Amino acid sequence: MDAHGLADWRLELDHARRRAGACRHPRRTISLSAQLIPLYPEETVRGVVLHEIAHARVGAAHGHDAVWKREARRLGAPDAARLPGSLPAPAAPWVGTCPRCGAQRRLFAAPRRVVACGACARDFRPDLVLTWTHEGVPARPGGAYARELARLIRGGRP
1 MDAHGLADWR LELDHARRRA GACRHPRRTI SLSAQLIPLY PEETVRGVVL
51 HEIAHARVGA AHGHDAVWKR EARRLGAPDA ARLPGSLPAP AAPWVGTCPR
101 CGAQRRLFAA PRRVVACGAC ARDFRPDLVL TWTHEGVPAR PGGAYARELA
151 RLIRGGRP
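Written out as C-alpha cells, the structure reads:
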C-alpha cells in the first residue's frame, strides 16, 4: 500500500464470506476477508489487494467505472468487478433442500423466512417448503422463521 501512495491507509481482516475485499474511503481502510483469502492462490490474493488499492487511489465516486478500470490495469489488477465462481469458498452451515427435486439453497446465517423451492414452482407451495440442516444435522430455524412457519401451519399451510 505504501508503494502506491497509501501510507496513511490501514489494512485489516474481516469476516466476509461472499466478497474477498473492500475499500472503505471514510475510514481509509482496505479490508480483506479472513475467511476467503487463505483459500485463494497467491496470484488471486495479489489481484484482490491491487483491485482495492485501485479503488482507494481513484476515490469513492468511481465504483467500477472507466476511471477505476484504467487505474486497475495500470496497477496490474484484474479490472473485473467479480472473482471467478470457480474459486474455493467456505461451506455454508445452513442447507435448505427441496423435498421434491432436491435443489439446495446454502446460507451462512439461519433463514428468517419460510421459503419453497423456486425451481419446482413459481408461486409459494406449502408442499415444497425447504427442509433445513445445520452443519449436516436436521434443524428447524428459530425466531422469525419459526413464528412464520407456525402461522402457515395454523392457516392450513405446511
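For the sequence shown, counting from 1, position 105 maps to 105 in the UniProt record's numbering; every step adds exactly one. A virtual CB, placed ideally from N, CA and C, is assigned to each residue, including glycine. These figures come from a predicted structure and were not determined experimentally.
Where DSSP assigns a beta bridge to residue i, which residues make up the other side?
i: residue 117; result: In DSSP, residue 117 forms no bridge with anything.
i: residue 21; result: 32
i: residue 111; result: Per DSSP, none; premise fails for residue 111.
i: residue 39; result: Bridge partners of residue 39: none, in fact.
i: residue 106; result: 95
Answer with buried or exposed for residue i, where buried requires no fewer than 16 other C-beta atoms within 10 angstroms of its C-beta.
i: residue 23; result: buried
i: residue 96; result: buried
i: residue 5; result: exposed
i: residue 137; result: exposed
i: residue 99; result: exposed
i: residue 30; result: buried
i: residue 52; result: buried
Between which two residues does the beta strand (DSSP E) carrying residue i extend?
i: residue 77; result: Neither: residue 77 is in no beta strand (DSSP E) and is coded neither H nor E.
i: residue 139; result: 137-139
i: residue 94; result: 94-97
i: residue 11; result: 10-14
i: residue 134; result: 131-134
On the DSSP letters alone, give me the boundaries of the alpha helix (DSSP H) that residue i sits inside.
i: residue 149; result: 143-154
Taking just the CA atoms, how far does residue j sit from residue i?
i: residue 1; j: residue 90; result: 27 angstroms
i: residue 55; j: residue 62; result: 8 angstroms
i: residue 33; j: residue 129; result: 33 angstroms
i: residue 75; j: residue 59; result: 15 angstroms
i: residue 155; j: residue 126; result: 11 angstroms
i: residue 101; j: residue 25; result: 45 angstroms
i: residue 124; j: residue 115; result: 7 angstroms
i: residue 85; j: residue 3; result: 30 angstroms
i: residue 105; j: residue 139; result: 14 angstroms
i: residue 153; j: residue 28; result: 50 angstroms
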